[in-house]
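K.L.:
For the sequence shown, the numbering used here gives the first residue as 941, with consecutive numbering after it. Virtual Cβ for every residue (Gly too), placed ideally from N, Cα, C.
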Amino acid sequence: MRCIILSISLFLFITSGVNHPLNAQGIHDRTVKQFFTQNDYYSAAALLESKAASHPTDPQVWYNLGNAHHHSRNHTAALSAYKRLMKLIEHKKGLRNKYYKAFYYNASSLMAEEKYEQARKLFFDFIRLRPNAADFRAMKRMANQQLRACDLRMKAADKTILNEYVISPLTINSGYSDFGPVWMDDNRMLFTSLKSDTLLTNDGAFYQPNRIFLTDRKKGWSDPVEFESFSHELYHTANGTFSADGSKFAFTYCQENRRQEVRCAIYLSEKRGKVWTKPVKLKYDINKTGYTNTQPAFGVRRYRRKNQEVLYFVSNRPGGRGGNDIWYSLMDKTTPPVNCGAAINTMGNEITPFYHYETNELYFSSDFHFGKGGYDIFKSYGSLKSWKRPVNLEAINSGYDDTYFSWRKYLENGTFVSNRTGSKSVSNPNCCDDIYYFDYTPASLLEGIIVKGDSSQHTLDQVQLGLADLEHLEFPDSVNWFTESDKNGHFKIEYSSGQDAFLVVKKEGYETHYLKISELKEQYKDSLTIPMFNDFHWLQKLKSVGKKEVRVLSEDILKQPLEVGAIFIMEHIYFDFDAAEIKPEAYEDLSVLQRFLENNPKVSIEIGGHTDNKGGEEHNRSLSQKRAEVIADHLISSGIAEKRLLPIGYGESKPIADNQLPDGSDNPDGRRLNRRTEIKILDSK
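1) Give the straight-line distance between the Cα atoms of Asn963 and Asn1300, rounded to the nearest whole angstrom.
2) For Cys1194, which option in Trp1161, Glu1057, Gly1505, Tyr1231 has the closest C-alpha, if you only look at C-alpha atoms?
3) Would you say Asn1233 and Asp1265 are within 9 Å of each other, going by their C-beta atoms?
4) Span of the beta strand (DSSP E) holding Asp1316?
5) Does the distance from the C-beta atom of Gly1313 to that of Met1051 stay below 9 Å?
6) Can you give me the C-alpha to C-alpha distance between Ser1162 and Pro1121, rounded to a whole angstrom?
7) Which residue marks the beginning of the beta strand (DSSP E) containing Glu1290, and which one marks its end?
8) If you measure between the beta carbons of Arg1151 and Thr1177, is that distance less than 9 Å?
9) Which stretch, first to last residue, makes up the beta strand (DSSP E) that contains His1398?
10) Taking Asp1185 as part of the alpha helix (DSSP H), name the residues at either end of that continuous run.
11) Going by the DSSP bridge assignment, what does Cys1204 pair with across the sheet?
12) Give me the residue from Ile1107, Ala1097, Ile1619 with the minimum Cα distance to Ser1544.
13) Inspect the beta-carbon positions of Phe932 and Gly1288 and report whether they are closer than 9 Å.
14) Check the C-beta distance from Ser1346 over to Pro1330 and give it rounded, since I have them as a contact under 8 Å.
15) Any beta-carbon of chain D closer than 9 Å to the one on Leu987?
16) Per DSSP, what kind of secondary structure is Arg1093 in: helix, strand or coil?
17) Are the Cβ atoms of Glu1564 and Gly1591 separated by less than 9 Å?
18) Keeping to the same chain, check which residues put their C-beta closer than 8 Å to that of Tyr1105; ignore five residues upstream and five downstream.
19) Within this structure, are the beta carbons of His1009 and Ala985 separated by less than 9 Å?
20) Going straight from the alpha carbon of Thr1551 to that of Lys1246, what length do you get?
21) Buried or exposed for Ile1596, please, with buried defined as at least 16 other CB atoms from any protein chain shown within 10 angstroms of its CB.
22) Is Arg1068 buried or exposed, if buried means 16 or more other CB atoms sit within 10 Å of its CB?
23) What number of angstroms, rounded off, separates the C-alpha of Val1220 from the C-alpha of Ala1581?
24) Per DSSP, what kind of secondary structure is Leu1468 in: helix, strand or coil?
25) Specify, as a first and last residue, the run of the beta strand (DSSP E) that Thr1274 falls within.
26) So, is Met1026 buried or exposed, given that buried needs 16 or more other C-beta atoms within 10 angstroms?
27) My parser needs the beta strand (DSSP E) runs of 3 or more residues fully inside the stretch 1218–1251; what are they?
28) Helix, strand or coil for Met1673, going by three-state DSSP, please let me know.
29) Should Tyr1344 and Thr1292 be called a contact, given that it needs their Cβ atoms to be closer than 9 Å?
30) Going by DSSP, what residues sit across from Gln1600 in a beta bridge?
31) Locate the alpha helix (DSSP H) running through Asn935, then write down its first and last residues.
32) Looking at C-beta atoms only, is the number of pairs between the stretch 1055–1072 and the stretch 1031–1043 that lie closer than 8 Å three or more?
33) I believe Ser1624 touches Val1504 by the beta-carbon criterion, under 8 Å. Please report the beta-carbon distance rounded to the nearest angstrom.
34) Is it true that the CB of Gly1589 sits closer than 9 Å to the CB of Gly1556?
35) I want to check one thing, is the minimum distance from the CB of Ala1383 to the heavy atoms of the ligand MG below 8 Å?
36) Tell me, which residues are paired with Met1129 by DSSP?
Structure below.
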């Protein structure tokens, strides 16, 4: 099985070797077995490298060396050692069964480097082995899952995945592990790291616990300052989370016991004025004795029109589905914690939860759900133990370990943690975790028709369309071909809204065209026709995939196929200024919506309330929330289950019409349109 330290407390695994540097006496005093028992894989690898040089035909040495590198996430070195081992045991059935774990770990390291075809073969070889080992059955199930994941990745290689994230490592990252970012507000961020990069001394081991630090991004990332309110001289301090109102902060203290097992407990501090209270250990049923309890994340449960505070956390306690699971506890109840269920948790490890209040989305990392390798980041919609199937955030994940996802501003930017190549490290290139910042640039859809450039205007099929990066346009291989026009000349192509690229239009017998997307958007934002030179004309329109196409709610919704993300404006539901009462003309639309929900019992929807810009921003957000809840209340009273309805107030943040005329005077018609209700399809399963 994978090193459990990683999933319980990433930082202890990463720093275990670098916090205990080797000296000559230490090499003689400690054995490889002791190194492995203490999870000190760096020291084990250093000792084994020397031994492998003098014992090149000993399979046990190469097996141990490969495992040491694998567990320290030095996958390149692990693959080299496993390659030597495989040559030594290639035709020896007994040795292949003896070193069965090497096949699994070797394949896992190949997945980390995104070599899925080779990894698949080794997982298949592993499944065919017959070792007499108690853990083989469980590992075989894991291997079957990873084999299927490799199949999916190989199929995905034929498709171009649109990258909607612009990712960069933070300048505050150290050579050791930096992880657990949590936003205090729009600019200030807490994270966990070591106090300095000067731990390797000539005097041997030097112990220093991880601390929580504060940095500010307002004028560039400021030098981290220790956030002393929560630091402890003896315990590792990490994994913080703020309550919705910012008045509570939950985090973990972690310590190794005498058996080198990590034990974490969750503590809570409350803000009194500008001072945080002394942290208090949470109740015993959350901090179950003898097990680790870590990585808390505050959430909410909408219950009887009130927000009920929930604490999600990670634990390896009994009653889970295997490894580390995500659990939840209702903070105002005395009932014991509950497992989040089979949709989220697996026989593998699920860690680093983050709950987004406004959308009821849980973000977490898993090493078992179908991914690219290591830990992948997933999201799921729901609450408590009722969740939709998790979705892999493919565009942000790598073959390495990707964890601690969180939004700074929803659908704009945020942070996550990874040991992907390019991170800082004091040891191997992938030993240590770094914090990455991302800007989210939602996809847009370019949709149109290709026609001949002559007077016939005949449509053209099988026209290739792709995107090319501006910097590499001169290289033919730089074009990512996405699609072809159909028999009616119609096409759809997605692109990143933040991507300044060329659309490439190509067909044999016609001149290839390169169209700069940013210029198309600017020049033809109010027109459906773009005249093309030579043999192409292109009729097109731009729209956001994230918002889908906005349609008017009508009887047609009862006949149309369901499309997750589709948005409908309730045409006859408008509100008087500063009011949240339903007007009589709204009941026809409400009746249509009610019938739609009755005909589609598995559909859940978002009810988006919107206002004009009269009044303060906070007042308008509150007013729009009331308007959305009025609609939800009406549907609930008509027999629609509350859990299928998500009322959200957006205030004045998303206008669809101008609140003022071009001369600066008031536009009452525009404001009336902005005082609206939108229905968004969230799920249909």
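P.N.:
Put simply:
1) For Asn963, the predicted structure reports a pLDDT of 44, less than 50, and the residue's modelled location is therefore unreliable. The matter cannot be settled from this model.
2) Tyr1231
3) no
4) 1316–1323
5) yes
6) 15 Å
7) For Glu1290, the uninterrupted beta strand (DSSP E) run begins and ends at 1290–1296, by DSSP.
8) yes
9) Note, His1398: premise wrong, no beta strand (DSSP E); not H, not E.
10) Element bounds for Asp1185: n/a, residue is neither H nor E.
11) Cys1194
12) Nearest option by C-alpha distance: Ile1619.
13) Past the boundaries of the shown model lies residue 932; the chain is included only from 941 to 1625, so the question cannot be answered.
14) Ser1346 to Pro1330, Cβ: 17 Å. No contact.
15) The structure shown contains no chain D; it holds only a single protein chain.
16) helix
17) A small fix is needed here, since residue 1564 is Ser in this sequence, not Glu. Yes, these two residues count as a Cβ contact at 9 Å.
18) Ala1335, Ile1336, Phe1378, Asp1379, Tyr1380, Thr1381
19) yes
20) 23 Å
21) It counts as exposed.
22) The residue is exposed, with fewer than 16 neighbouring Cβ atoms inside 10 Å.
23) 38 Å
24) Residue placement at Leu1468 is poorly supported in this model, since its pLDDT is 32, which falls under 50; the coordinates still yield a value, given next. Correct three-state label for Leu1468: coil.
25) No beta strand (DSSP E) holds Thr1274; DSSP gives it neither H nor E.
26) In summary, Met1026 is buried, with 16 or more beta-carbon neighbours lying within 10 Å of its beta-carbon over all protein chains present.
27) 1233–1243
28) In the structure as shown, the chain starts at 941 and stops at 1625, and residue 1673 therefore has no counterpart that could be examined.
29) yes
30) Asp1606
31) Any answer about residue 935 is impossible in this case: the structure gives the chain only from 941 up to 1625.
32) yes
33) Confirmed, about 6 Å.
34) no
35) In the structure on display, the ligand MG does not appear, and there are no ligands present to speak of.
36) Per DSSP, the beta bridge partners of Met1129 are Trp1123, Thr1155.
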